[in-house]
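These notes concern the structure reproduced below.
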Amino acid sequence: MAGYRKLGRTSDQRKAMLRSQVTNLLYHGKIVTTEARAKEVKKIAEGIIALAVKEKDNFETVKVTAKVARKDKDGKRVKEVVDGKKVTVYDEVEKEIKKDMPSRLHARRQMLKTLYGVTNVPTAAAGRKRNTKKVDLPAKLFDEIAPKYVSRNGGYTRIVKIGQRKGDGAMAVLLELV
């Protein structure tokens with residue numbers, strides 16, 4: 489017997505579907521899917537969350553100086569004329585950043601190997617393209633999700649049966665983070 493469910497798809501389609509569902513589960517906190525898919529997604533998601541819990545505090549804070557473009561009240565870069573050319577004005581700013589230790593960096597890359605990139609699109613139609621933001625899902629895992637599960641040894645997700653789907657009669661379930 490195989491160590492995983494084939495879900496009636498070729499391997500590349502199956503991997504893409506599972507990656508997509510794991511990404512949506514970790515981003516939204518819950519998804520509705522079939523029972524067989526939920527069991528496969530649960531395996532992957534629990535492994536990623538366990539990795540995040542293990543490496544949650546494995547970083548150091550470092551002070552760095554960075555050049556940042558000066559901006560006016562409208563958020564546009566300030567430019568001044570130097571030798572007949574327009575040049576952007578930069579200010580030096582001191583920032584504190586989190587520097588991952590090697591094991592946490594490895595964990596982050598393992599997560600990125602499985603998870604898709606998420607873009608947050610605003611609901612207002614006016615600035616849909618302009619105000620989109622990339623979501624750093626591994627950072628969300630380390631900062632928001634992992635602290636909830638520090639005292640828990642596994643069992644980070646829950647499968648709740650909803651009932652049969654109307655179209656094909658497959659058992660629909662709600663897969664959510666506990």
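In terms of our numbering, the sequence shown opens at residue 489 and continues consecutively. Every residue, glycine too, gets a C-beta built ideally from N, C-alpha and C.
Is the separation between the beta-carbon of residue i and that of residue j shorter than 7 angstroms?
i, j, result
"Asn608", "Lys628", "no"
"Val638", "Leu625", "no"
"Val556", "Asp579", "yes"
"Glu568", "Val577", "yes"
"Tyr533", "Thr602", "It is Ala, not Tyr, that sits at residue 533 in the sequence shown. No; because the gap between Cβ atoms is not below 7 angstroms, this pair is not in contact."
"Val667", "Gln509", "In the structure as shown, the chain begins at 489 and stops at 666. Residue 667 is therefore absent and cannot be evaluated."
"Gly517", "Leu665", "yes"
"Val575", "Ala554", "no"
"Ser591", "Asn619", "no"
"Val552", "Arg558", "no"
"Tyr604", "Arg507", "yes"
"Ile536", "Met599", "yes"
As a quick exercise: from the options, pick the residue whose alpha carbon is nearest that of residue i.
i, options, result
"Met659", "Ala634, Val520 and Thr576", "Val520"
"Lys586", "Phe630, Leu506 and Thr576", "Phe630"
"Ala538", "Thr522, Arg618 and Gly643", "Gly643"
"Leu662", "Gly572, Asn546 and Glu523", "Glu523"
"Lys649", "Lys527, Met505, Thr576 and Arg497", "Lys527"
"Leu593", "Lys544, Arg640, Lys636 and Ala612", "Lys544"
"Asn512", "Arg653, Val623 and Asp562", "Val623"
On the DSSP letters alone, give me the boundaries of the alpha helix (DSSP H) that residue i sits inside.
i, result
"Ala595", "Pro590 to Thr602"
"Leu513", "Ser499 to His516"
"Ala490", "Element bounds for Ala490: n/a, residue is neither H nor E."
"Lys654", "From DSSP, Lys654 is part of no alpha helix (DSSP H); its letter is neither H nor E."
"Ala612", "Counting along the chain, Ala612 falls outside any alpha helix (DSSP H), and DSSP gives it neither H nor E."
Under the rule that 16 or more other beta-carbon atoms within 10 Å means buried, what is residue i, buried or exposed?
i, result
"Pro610", "exposed"
"Ile633", "buried"
"Asp549", "Going by the sequence as given, residue 549 is Thr instead of Asp. Classification of Thr549: exposed, given that the 10 Å Cβ count is below 16."
"Val541", "buried"
"Arg596", "buried"
"Thr498", "exposed"
Just to confirm the assignment, what range does the beta strand (DSSP E) spanning residue i have?
i, result
"Gly535", "Run containing Gly535: none in the beta strand (DSSP E); it sits in the alpha helix (DSSP H), Glu523 to Lys542."
"Ala667", "Residue coverage of the chain in this structure runs from 489 to 666, which leaves residue 667 outside it and unanswerable."
"Lys561", "Counting along the chain, Lys561 falls outside any beta strand (DSSP E), and DSSP gives it neither H nor E."
"Lys567", "Lys567 to Val570"
"Lys555", "Phe547 to Ala557"
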